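Trainee: First the structure, then my questions, so here it is.
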Amino acid sequence: MDKQIEKMVSEKTFALVGVSSDVKKFGNAILKELTARGFTIYPVHPSLQMVEGVKCYKTLDLVAGLTSNLIICVKPERAALLVKEAASLGFTSVWLQQGSGSKEATENGVAAGIHVVSGKCILMYTEPVAGMHKFHRGINKLFGKY
Numbered sequence: 000m001d002k003q004i005e006k007m008v009s010e011k012t013f014a015l016v017g018v019s020s021d022v023k024k025f026g027n028a029i030l031k032e033l034t035a036r037g038f039t040i041y042p043v044h045p046s047l048q049m050v051e052g053v054k055c056y057k058t059l060d061l062v063a064g065l066t067s068n069l070i071i072c073v074k075p076e077r078a079a080l081l082v083k084e085a086a087s088l089g090f091t092s093v094w095l096q097q098g099s100g101s102k103e104a105t106e107n108g109v110a111a112g113i114h115v116v117s118g119k120c121i122l123m124y125t126e127p128v129a130g131m132h133k134f135h136r137g138i139n140k141l142f143g144k145y
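Here the sequence shown stands for residues 0 to 145, where the numbers follow numbering that gives the first Met the number 0.
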């Protein structure tokens, strides 16, 4: 496993942009799974007060001092702007959940000097891994993509 990914997941604390009132959204699945695994997650959404039983913060700047790690689970065009914002707020690591990454988002992070993980599912890297995420992790290990 990449040393920076190992560091991020060992800290067990993330801000998360991409939660929704729609419980079927993957951002909500990340929130539920990671909190069940003992992680502290600070969800960010402009109009939700609570999501999946967790206090929600209206803006990213409100959680910037609570963690240096951010998970982004939104459309790529929005993610590129969020990476810039995260860098300006002092985040040191950004995880662009699959479907959120883009060349622009990654370049924004690299240019700002922050570590960017893109094209990987956070749920394959946070123990205990089970179900389809465990299967996918096994496949990725087999092909040297873990």
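Glycine residues also receive a C-beta, built at the ideal position from the N, C-alpha and C atoms. The structure displayed is predicted, hence computed values, not measured ones.
(1) By Cβ distance, which residues of its chain are closer than 6 Å to Gly89, with the 5 residues on each side in sequence left out?
(2) How should Val22 be labelled, buried or exposed, when 16 other C-beta atoms within 10 angstroms of its C-beta is the threshold for buried?
(3) Using 8 Å for Cβ pairs, my map puts Leu59 next to Glu84. What's the rounded Cβ distance?
(4) Flag this pair as yes or no: are the beta carbons of Leu47 and Leu30 separated by less than 8 Å?
(5) Do Gly118 and Gln97 count as a contact pair if the criterion is CB distance below 8 Å?
(6) Going by DSSP, what residues sit across from Tyr56 in a beta bridge?
(7) What does a CB cutoff of less than 6 Å around Met123 pick up in its chain, not counting 5 residues either side in sequence?
(8) Verify whether the separation of the beta carbon atoms of Thr66 and Thr12 is less than 8 Å.
(9) Taking the C-alpha atoms as reference points, what is the distance between Lys102 and Asn27?
(10) In the DSSP assignment, find the beta strand (DSSP E) that holds Leu95 and state where it starts and stops.
(11) In three-state terms, what does DSSP make of Thr105?
(12) Using C-beta distances below 6 Å, list every residue in its chain close to Ala86, excluding the 5 sequence neighbours before and after it, in chain order.
(13) Consult DSSP for Lys119 and reduce its assignment to one of helix, strand or coil.
Mentor: In short, the structure shows the following:
(1) For Gly89, same chain residues with a beta-carbon under 6 Å away, outside a window of 5 residues either side, are Ala63 in chain order.
(2) Looking at its Cβ environment, which holds fewer than 16 other Cβ atoms inside 10 Å, Val22 is exposed.
(3) That pair is a contact at about 6 Å.
(4) No, the Cβ-Cβ distance between Leu47 and Leu30 is not below 8 Å.
(5) A contact, by the Cβ cut-off of 8 Å.
(6) Val43, per the DSSP bridge assignment.
(7) Contacts found: His132, His135 and Arg136.
(8) Annotated as proximal: Thr66 and Thr12, with beta-carbon spacing under 8 Å.
(9) Cα to Cα, Lys102 sits roughly 25 Å from Asn27.
(10) For Leu95, the enclosing beta strand (DSSP E) starts and ends at Ser92 to Gln96.
(11) Here Thr105 sits in helix by DSSP.
(12) For Ala86, where only same-chain residues beyond five positions count, the Cβ hits under 6 Å are Ala111 and Ile113.
(13) The answer is strand: DSSP assigns Lys119 an E or B state.
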